[in-house]
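This report concerns only the one structure given below.
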Amino acid sequence: MFFYAIISGAGESGKSTIVKQMKIIHDKGYSQEECEQYRRVVYSNTIQSMMAIIRAMGHLKIDFADPSKTEIARQFFTYASTAEEGILLPEIVLLMKKLWADAGVQQSFSRSREYQLNDSAAYYLNLLDEISKPNYIPTLEDVLRTRVKTTGIVETQFSCKGMHFKMFDVGGQRSERKKWIHCFEGVTAIIFCVALSGYDLVLAEDEEMNRMIESLKLFDSICNSKWFVETSIILFLNKKDLFEEKIKRSPLTICFPEYTGE
0 MFFYAIISGA GESGKSTIVK QMKIIHDKGY SQEECEQYRR VVYSNTIQSM MAIIRAMGHL
60 KIDFADPSKT EIARQFFTYA STAEEGILLP EIVLLMKKLW ADAGVQQSFS RSREYQLNDS
120 AAYYLNLLDE ISKPNYIPTL EDVLRTRVKT TGIVETQFSC KGMHFKMFDV GGQRSERKKW
180 IHCFEGVTAI IFCVALSGYD LVLAEDEEMN RMIESLKLFD SICNSKWFVE TSIILFLNKK
240 DLFEEKIKRS PLTICFPEYT GE
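Just so we're aligned, residue 0 is where the sequence shown starts under numbering that gives the first Met the number 0, counting upward by one.
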């Protein structure tokens, strides 16, 4: 007998990371071969993050602290646009190190709430020496932090304390939801993920919509859906570590203007 659960939530709420954690804890984790398969994802996430930070400097009107970095950025984009995806050339690594050390780039990174940037950007960019080694194999932490947009429905099975679970990770972006919302009538539970750190961010697919507000709307629609009248709903507040860091510099009033606390 299986316990069926949907992992739901708005885009980038950490749903896929929870599924990865369940695999690590309850399903033998990731073999060395499986970790190796994530190498290309780590490389791609790292390069795409640096590209996003540099591009943002334009509309944020941030200059490089060192004017010579303008040419380095041009070289970086040339290499990044022509290199095979998932390949980390030594030339790209050297250029990213120089860029990441620039105060202007760091300023752009510190304002990442104003544009779209992977949560793992700083993690990977601070590990450039490690991930660029010829024999690099992603650690479990590296794997957990990878970001691949979920499209369609991804099924994971595992057992815990004699119970068998089937978890369905479903795409969170608006375009993905219509593919699954009606498919799971009668499931045991819905685990609804909310990224606490999303209160000052906007959606990738709609930069006029706050991520937390979108999560609240989606949660309301699921709770009141005719398909899930008999379904248990578990609210999972995610990315607490990012929230604890962000709340020190970014006020809750961005999302909740009526909030008067400190």
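The beta carbon of each residue, even a glycine, is placed where N, CA and C say it ideally should be.
> In its own chain, which residues sit with a C-beta less than 8 angstroms from the C-beta of Lys68, not counting the 5 before and 5 after it?
Replying inline: In the sequence shown, the residue the question calls residue 68 occupies position 69. Answer for Lys68: Lys97, Leu98, Asp101, Gly103 and Val104, listed in chain order.
> According to the Cβ coordinates, are Ala9 and Leu116 closer than 8 angstroms?
Replying inline: Residue numbering aside, residue 9 sits at position 10 when the sequence shown is read from its first letter. Residue numbering aside, residue 116 sits at position 117 when the sequence shown is read from its first letter. It is not a contact, given that the beta carbons lie outside the stated cut-off.
>> Tell me which residues share the same chain as Asp65 and place their Cβ nearer than 7 angstroms to its Cβ, disregarding the 5 neighbours each side in the sequence.
In response: Position 66 of the sequence shown, counting from 1, holds the residue named residue 65. Once the five neighbours on either side are set aside, the close Cβ partners of Asp65 are Asp101.
> Are the CB atoms of Ser214 and Phe242 nearer to each other than 8 angstroms?
Replying inline: Taking the sequence shown and counting its residues from 1, the one referred to as residue 214 is at position 215. Taking the sequence shown and counting its residues from 1, the one referred to as residue 242 is at position 243. No, these two residues do not count as a Cβ contact at 8 angstroms.
>> Quick check for students: name the residue ranges of the beta strand (DSSP E) that lie wholly in the region 189–252, counting only runs of 3 or more.
In response: 231–237
> With a cut-off of 8 angstroms, do at least 3 Cβ pairs link the region 18–35 to the region 141–161?
Replying inline: yes
> When you compare each of Cys254, Leu93 and Phe108 to Glu207 by their alpha carbons, which one comes out closest?
Replying inline: Your numbering for residue 207 matches position 208 in the sequence shown. Comparing C-alpha distances from Glu207 to each of Cys254, Leu93 and Phe108 shows the shortest one belongs to Cys254.
> Which same chain residues, not among the five before or five after Ile46, have their C-beta less than 6 angstroms away from its C-beta?
Replying inline: Reading the sequence shown from its first residue, position 47 is the one you call residue 46. Ala79, listed in sequence order.
>> I need the straight-line Cα distance from Met56 to Arg110, nearest angstrom please.
In response: The residue given as residue 56 occupies position 57 in the sequence shown. The residue given as residue 110 occupies position 111 in the sequence shown. The straight-line gap from Cα to Cα measures roughly 10 angstroms.
> Which residue's Cα is closest to the Cα of Phe76: Val92, Glu113 and Leu59?
Replying inline: As a first step, residue 76 is located in the sequence shown; it is residue number 77 there, counting from the start. Answer by Cα proximity: Val92.
> Whose CA, out of Ile189, Met166, Pro250 and Thr16, lies closest to the CA of Trp226?
Replying inline: Here residue 226 refers to the residue found at position 227 of the sequence shown. Considering only alpha carbons, the answer is Ile189.
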